[in-house]
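Numbering-wise (full-length UniProt numbering), the sequence shown opens with residue 1 and increments by one. Quick reminder that beta carbons are idealized off the backbone N, C-alpha and C, glycines included.
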Amino acid sequence: MKERIMNGLQRFSKAMFIPVLILPIAGILIAVGNLFTNPLLMEKLPFLDNPVTKGFGTILSGSLVAILSNLGLIFCVGLAVGLANTKKAEAGFTAVLGFLVFINAMNKFMGLRETLVEADSLSGTGQTMVLGVQILDMGVFLGIILGIMTAYVHNKFCETEFSNAFQIYGGSRFVFIVLIPAVVLLAVILTYLWPIVQSGITSLGTVINQSGNFGIFIYGMLERLLIPTGLHHLIYTPFLYTSLGGVAEVGGQVFEGARNIYYAEIADPAVKVLSQSVIWDARGISKMFGLIGACLAMYQTAKPENKTKVKAILIPAAVTSFIAGVTEPIEFSFMFVAPLLFIVHSVLSGLSMVVLNVLSVRAIGPNGFIDFLLYNLPLGIGKTRWPMYILVGLVFFVAYYLIFRFLITKFNFKTVGREDNNEVKLHTKKDYQNKVAAGVPVDADQLLGAQIISALGGEDNIKTVDNCYTRLRLTVENTELVDEASLKNQTGASGVIIKNENVQVVYGLQVTKVRKIVDAAMGNTN
């Protein structure tokens with residue numbers, strides 16, 4: 001049972017990537033739109049003060065804020081697609097239909113019970129408008145619940161086929177037939193149940209708010225500590241996109257979640273000071289500054305004969321962390337060989353968030369330096385205090401460097417370049433030629449695919465292949481056949497996590513390409 005629960009949580013966490021990774025793009029474009037409507041910027045750059053650029057900015061930011069108002073639908077479709085085993089496009093389409101059925105079923109039932117309040121002012125009533133339909137305010141939880149339900153029904157019945165006159169009702173059509181009564185019944189049940197659930201969520205949010213900086217520290221530390229399990233997304237997502245991260249009214253509309261509030265406020269020129277959210281999206285300090293200091297410490301403590309090779313490994317990882325906020329290649333370089341360093345990293349990450357909160361810094365840079373520039377500079381210093389963010393980051397750069405260097409030398413941790421067997425190896429053209437001579441396919445992608453499959457115990461040992469933002473996620477028949485050393489040394493993996501039948505191989509931003517190579521090598525078409 002424990003294994004099934006963990007597998008389900010990991011699969012759910014991976015599926016959350018589909019909607020979650022789209023939202024930062026919307027946020028960046030909202031920030032770009034705000035750039036063209038910022039009065040302070042217009043004073044410095046008068047050519048921006050014209051109807052064309054201001055109109056463009058208003059349309060861009062105003063249209064994308066609508067995404068934040070419809071997160072339920074976005075999460076419903078994203079989760080249905082992510083959790084569907086096959087026919088993912090049909091699962092997404094069915095999710096839209098199920099969502100429409102649900103909101104209208106709930107609205108009609110609430111109307112029969114005469115519980116609908118006047119629609120003139122819904123703030124504070126526990127009800128809201130979703131796609132023009134008044135229902136209970138379930139926020140993003142509505143999408144999560146319906147997305148999971150749709151995926152479950154889809155996986156169970158999408159292959160059901162009938163013969164003769166009923167054959168047109170098979171497949172995805174039968175999924176929708178089954179889904180209709182289930183969704184209607186769910187709408188009726190949640191009409192009674194959700195106010196109780198919402199009361200519990202509100203109480204939990206109150207506890208978090210009252211915990212102050214201690215709560216921020218625990219949040220920041222856990223968000224890092226859970227990275228090996230792949231469940232860290234389940235920590236930050238509720239705070240960024242649900243009422244646990246705060247509730248605020250911006251421009252006459254109520255937004256829930258720290259990230260949603262931020263996006264709404266930067267798009268509204270009337271907002272002069274950003275909200276004081278208890279949980280802010282301040283993960284960028286460890287990504288843009290802290291881990292760079294850790295890389296420098298690992299480089300300087302590497303064996304002299306290995307430093308050139310270590311530099312070739314750590315510099316790309318550090319640049320990726322700084323620019324794009326992808327930290328796993330660095331974290332996995334010391335996570336298992338020196339767990340104490342990873343614990344220290346998690347503690348420092350939590351402390352960085354506390355420091356920013358104490359200093360009332362509201363700058364944001366969760367996905368690296370590009371995000372930091374686009375979000376904060378157009379807003380001016382007054383709204384975000386972004387220069388203080390950089391100053392705090394530099395302090396943590398020094399702290400990471402000094403602490404990591406001390407611990408590595410004190411305990412002789414075998415970080416990159418300090419291994420006893422000196423196997424910090426960049427594979428050469430000769431290695432490639434040797435593989436070809438041994439009969440491995442000549443094409444570089446075919447070679448990589450063959451190496452990965454071989455290191456995973458062969459094609460017969462691999463049950464499923466999937467990926468998230470940075471990891472190749474697989475299930476295998478026998479984990480004892482998995483060759484971790486080959487995955488790291490031959491295929492460029494930064495880390496390997498094995499839990500029961502689940503195997504996660506960290507490849508960083510190129511994981512999508514790696515997934516396609518493995519699929520092609522195995523003949524997968526789904």
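| Query | Result |
| --- | --- |
| Cβ pair L447, R515 closer than 8 Å | no |
| M335 - DSSP class collapsed to helix/strand/coil | coil |
| Beta-carbon proximity of F334 to T415, cut-off 8 Å | yes |
| Start-to-end residues for the alpha helix (DSSP H) that takes in M522 | 511 to 522 |
| Proximity below 8 Å, CB of Q127 to CB of D137 | yes |
| N-terminal and C-terminal residue of the alpha helix (DSSP H) that N155 is part of | 140 to 157 |
| Exposure label - R113; buried when at least 16 CB within 10 Å | exposed |
| F406 Cβ short of 7 Å to the ligand PLP heavy atom set | This structure lacks the ligand PLP; in fact it carries no ligand of any kind. |
| Supposed contact pair A187 and F109 - C-beta distance, whole angstroms, cut 8 Å | 6 Å |
| Minimum C-alpha distance to N502 - residue among I462, N524, F406, Q253 | I462 |
| Cut-off 6 Å between Cβ atoms - residues of its own chain near G257, not counting five sequence neighbours on either side | L240, Y241, T242, G245 |
| Given 8 Å, three or more beta-carbon pairs between the stretch 288 to 295 and the stretch 396 to 403 | yes |
| Residues that L474 bridges to, as DSSP identifies them | V465, V503 |
| DSSP-derived helix/strand/coil call for T191 | helix |
| Inter-stretch contact at 8 Å, needing at least 3 Cβ pairs: the stretch 310 to 327 / the stretch 379 to 394 | no |
| Residue burial classification, I453 (beta-carbon count within 10 angstroms, cutoff 16) | buried |
| Helix, strand or coil at I364 according to DSSP, with G and I counted as helix | coil |
| Residues bridged to T128 (per DSSP) | I135 |
| Opening and closing residue of the alpha helix (DSSP H) in which F255 lies | Run containing F255: none in the alpha helix (DSSP H); it sits in the beta strand (DSSP E), 253 to 256. |
| Proximity winner among V197, L146, F162, relative to I180 (alpha-carbon distances) | L146 |
| Cβ-based neighbour list, T491, same chain, cut-off 7 Å, excluding 5 preceding and 5 following | L448, Q451, I452, A455 |
| E223, DSSP secondary structure in three states | helix |
| Residue closest to V81, alpha-carbon to alpha-carbon, out of D371, L68, A95 | A95 |
| Sheet register partners of G495 (DSSP bridge) | V506 |
| Three or more C-beta pairs below 8 Å linking the stretch 211 to 228 and the stretch 22 to 35 | no |
| Q134, buried or exposed, once every other Cβ within 10 Å from all chains shown has been counted against 16 | buried |
| Distance between D466 and G132 (C-alpha atoms, nearest Å) | 37 Å |
| Among A324, T475, I323, F56, the one whose alpha carbon lies nearest that of L29 | F56 |
| Among E480, L374, G457, the one whose alpha carbon lies nearest that of residue 575 | The structure shown does not extend to residue 575, since the chain is modelled only from 1 to 526, so the question has no answer here. |
| Rounded distance between the beta-carbons of G143 and I216, thought under 8 Å | Not a contact, Cβ separation roughly 27 Å. |
| Distance between V273 and F342 (C-alpha atoms, nearest Å) | 35 Å |
| In DSSP terms, what E249 is bridged to | V254 |
| C-alpha distance - G365 paired with E265, whole-angstrom precision | 16 Å |
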